[in-house]
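Asker: Below are the structure tokens for one structure; questions will follow.
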Amino acid sequence: MRALLPLLALWAACSGSDSLEFPVALDPEPFEAAPESRIETGTHADAVPLGQPVTLRWVPGAFGFFWELRVPPGSTAALDDPTAARPVFTPDVAGVYEVSVTAFGAGGASETAVKRLTAATYDGASSCAVCHPARAATTDATAHARTVEDLGAALFAGAPECLQCHVLDPVPFPAAPVPGGYAATAASEGFTPSSFTSHAAFAAAFPGTADRASVQCESCHGPGSGHRGDPRRIAVSLRAELCGACHNGFVRPVRIGEWTASAHGRAPPAAALAQASCRRSHTAHSFLRDQAGLPPETETAGAPGVTCAACHDPHDATNPSNARLFGAAPLASGGAVNAGRAATCFACHQSDVEDAAAHAAANGPFPCAVQSDMLSARGGVEFGGAHGTSFHGTTVFRLRTFTGDPADLAYPDACVTCHSAEGSTAGLGGHTFRMRQGAATLATAACRTCRPGLDTYDRRMGRHFDGDGLALGVQTEVSGLLEIVYAALSAADTGRGLSRPGGALTPVAVSPDSARTTPLLRQAAYNYNFVVTDGSLGIHNTTYAVQLLQRTYGQLTGIPFRTAFPRAFTP
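Here our numbering is used: the first residue of the sequence shown is 3, the next is one more, and so on.
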């Protein structure tokens, strides 16, 4: 019975009819929350601090607006400008505020949306743990929750603005303390930065302040005094901007800026939102539901794309870098690969085809992504028996200096090794995941770990794969092979069922009318598209790419590649 008292005390606080009318759902995962509305707040949260200005924004964009605000009893809050693109109001009493907007677009078209925001005060981590003990236990082990414990006196002795991301209060610090927040509690307990001697002494002498120190539940989910078991009265946001409020480059790397410059930072394409099989790789909400084995849900325009929370689990530090997935990465084409922190990359950047030969012969659609398959030397139509792999495709390939520990041999990091390498030219590497800017600016810092002085991805290997007798760069050689295979495809395409509308080195389109092509022709086109769609032109796995293309040529023409091109190297 004594264990129930904290719960009963919390439930007793839910005395308003507004609270009692909603169902209780304890410990909901982020992916169980409804997709976020196209109305956003400045904090990208649905729970907002009492007494702090709230900026509203209509995500899709428009040129005309009419906003309305409904307030709880006793409130005198009002919008500063109901026709502004980003109106502001300040909640003055705790409760639910309903905002609605009519947004006007081109040609007089309009859209409407409604969002409820809960203005509340902070409760502190210990209150959250009453109902969420399991979640609190895993979160307590994260670097976020250990901020004050790990940094100690250095944090409090640093610049005052450092605290705003490391304690429980809005970011940036509000002009007036928020009830229940760090600043208000520290003032009530008489704590000042000079009072800190050790974490143990801090927690013993100032328990309320310590309970609101470090990055914790309400730092991301918003103030929780209005929650009390109702999932609609707390914030659950998968948007990158929530993390970016702190990970903005003040001290740490500019994570939010890097992510914004990446392909992940783009809005999910409309075509991807329309199909459940595509949504799992383009929106954080669908990806997390898929990983949890939950059925897909409809996504709307403005849904969070591939954001921080898709790849990192803020509640669990079991994996390095809080990676959602780590280590063994299963592939649809068979087996699993030890991908380290890149296991999450493998989850989306791979084909969903189990048997490429059968799929291509049946004229199935070509998959959207095959990078993990190429890197792992599998997933193509493998003519002529076993295929090999290159160094990049083995678990020996790892950049030990990535972790800062030259002796770290614990795991490879596959994609992360190169695409997230730190120390690259500005705008490359890190969380941009980009390897080039234009034709000249390349992220080669990771490459130079093994090949000092390398300044091009088109590295000369001393071998000629396309049979022209010139040992050029690997990407040039693979490009030549692709054109040779395409010429063979064109020669064999008597039914005119193939086309290449994008021109050289772009995917081949296969007619949906299977009578115009043969199973072999479709399988050969599949391998051509496999190498083109991978996008690296042999860098991810030179051996596998070259073997696929050379053997495909042999199957199409009936002439072994080495016979047709005696000077070619055939791995």
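No residue lacks a Cβ here, since even glycine has one placed at the ideal position from N, Cα and C.
How many angstroms separate the CA atom of T526 from the CA atom of G440?
Answerer: Here residue 526 turns out to be Ala, not Thr, going by the sequence shown. Using only the alpha carbons, I get a separation of about 31 Å.
Asker: For V510 and A493, I'd like the C-alpha separation in whole angstroms.
Answerer: Those two C-alpha atoms are separated by around 14 Å.
Asker: Per DSSP, what are the beta-bridge partners of Q439 in this structure?
Answerer: Paired residues: T443.
Asker: Among the candidates C310, G228, V217, V90, whose CA atom is the shortest distance from the CA of T434?
Answerer: Cα-wise, what sits closest to T434 is C310.
Asker: Do you know how far the Cα of F198 is from the Cα of A207?
Answerer: Their Cα atoms are separated by approximately 10 Å.
Asker: Is it buried or exposed for F393, if we count other Cβ within 10 angstroms and need 16 for buried?
Answerer: Exposed is the call here.
Asker: Pick out whichever of V103, A64, G251, G469 has its Cα sitting closest to the Cα of G109.
Answerer: Of the listed residues, the one whose Cα sits closest to G109 is A64.
Asker: Would you please verify whether the beta carbon of A139 is less than 8 Å from any beta carbon of chain B?
Answerer: In the structure shown, chain B does not exist; there is a single protein chain.
Asker: Around the C-beta of A159, are 16 or more other C-beta atoms found within 10 angstroms, so that it is buried, or is it exposed?
Answerer: Per the 10 Å Cβ criterion, exposed.
Asker: Report the residue from T391, F175, T520 whose alpha carbon sits nearest the alpha carbon of A360.
Answerer: For A360, the nearest C-alpha among the options comes from T520.
Asker: From A145 to R326, what does the alpha carbon distance come to, in whole angstroms?
Answerer: Looking at the two C-alpha atoms, the distance is approximately 15 Å.
Asker: Evaluate contact between the segment 103-122 and the segment 139-157, counting only Cβ atoms and requiring at least three cross-stretch pairs below 8 Å.
Answerer: Output reads no: the segment 139-157 does not touch the segment 103-122.
Asker: Can you tell me where the alpha helix (DSSP H) with S283 in it begins and where it stops?
Answerer: Looking at the DSSP string, the run of the alpha helix (DSSP H) that includes S283 is 278-284.
Asker: D515: buried (16+ other C-beta within 10 angstroms of its C-beta) or exposed?
Answerer: It is exposed - the Cβ of D515 has fewer than 16 other Cβ atoms within 10 Å.
Asker: Pull the bridge partners of Y99 from the DSSP assignment, please.
Answerer: The partner list for Y99 (beta bridge, DSSP) reads L119.
Asker: From A202 to N340, what distance separates their C-alpha atoms?
Answerer: If you take the alpha carbons of A202 and N340, they lie about 40 Å apart.
Asker: Residues in the same chain with beta-carbon distance under 6 Å from T574, minus the five sequence neighbours each way, listed in chain order, please.
Answerer: What the structure shows of the chain is the stretch from 3 to 573, and residue 574 is not part of that stretch, so it cannot be assessed.
Asker: Give the secondary structure of E301 by DSSP, where H, G and I count as helix, E and B as strand, and everything else as coil.
Answerer: Three-state result, E301: coil.
Asker: Would you mind sorting F68 into buried or exposed? The rule is 16 or more other CB atoms within 10 Å of its CB.
Answerer: It is exposed - the Cβ of F68 has fewer than 16 other Cβ atoms within 10 Å.
Asker: Hey, would you say F348 sits closer than 8 Å to Y528, going by beta carbons?
Answerer: No, the Cβ-Cβ distance between F348 and Y528 is not below 8 Å.
Asker: Residues in its own chain within less than 7 Å of H542 by CB, not counting five upstream and five downstream?
Answerer: These residues qualify, in order along the chain: Q373, M376, L377, H394, D536.
Asker: Where does P89 sit, in a helix, a strand or coil, going by DSSP?
Answerer: Looking at P89 - three-state DSSP - the assignment turns out to be coil, as it is neither helix nor strand.
Asker: Smallest Cα separation from D142: which of G226, A127, A155, C133?
Answerer: If we check each option's Cα against that of D142, A127 comes out closest.
Asker: Name the two residues that bound the continuous beta strand (DSSP E) containing V339.
Answerer: Where V339 is concerned, the enclosing beta strand (DSSP E) stretches over 338-340.
Asker: Pair every Cβ in the segment 226-245 with every Cβ in the segment 152-171, then say whether three or more of these pairs are closer than 8 Å.
Answerer: No, they do not touch.
Asker: When DSSP labels each residue in this structure, what does E424 get in the three-state scheme?
Answerer: In this structure, E424 counts as coil in the three-state DSSP scheme.
Asker: Grab me the residues of H223's own chain with a C-beta within less than 6 Å of its C-beta, minus the 5 sequence neighbours each way, in chain order.
Answerer: Answer for H223: I236, A237, listed in chain order.
Asker: Threshold first: 4 residues or longer. Then list the alpha helix (DSSP H) segments lying entirely within the segment 189-259, N to C.
Answerer: For the segment 189-259, whole alpha helix (DSSP H) runs of length 4 or above, ordered along the chain, are 201-207, 209-212, 219-223, 242-246.
Asker: If you follow the alpha helix (DSSP H) that T396 is part of, which residue opens it and which one closes it?
Answerer: From DSSP, T396 is part of no alpha helix (DSSP H); its letter is neither H nor E.
Asker: From the DSSP secondary-structure annotation, give me the bridge partner or partners of I41.
Answerer: Note: I41 sits in a beta bridge opposite W60.
Asker: If we count the other Cβ atoms within 10 Å of its Cβ and call it buried at 16 or more, is V487 buried or exposed?
Answerer: It is buried - the Cβ of V487 has at least 16 other Cβ atoms within 10 Å.
Asker: Find out if the Cβ-Cβ distance for the pair F532, L550 is shorter than 8 Å.
Answerer: Yes, Cβ-Cβ distance for F532 and L550 is below 8 Å.
Asker: Are there 16 or more other CB atoms within 10 angstroms of the CB of A294, so buried, or fewer, so exposed?
Answerer: It counts as exposed.
Asker: In this structure, what does DSSP give as the bridge partners for R268?
Answerer: For R268, which the question treats as bridged, DSSP gives no partner whatsoever.
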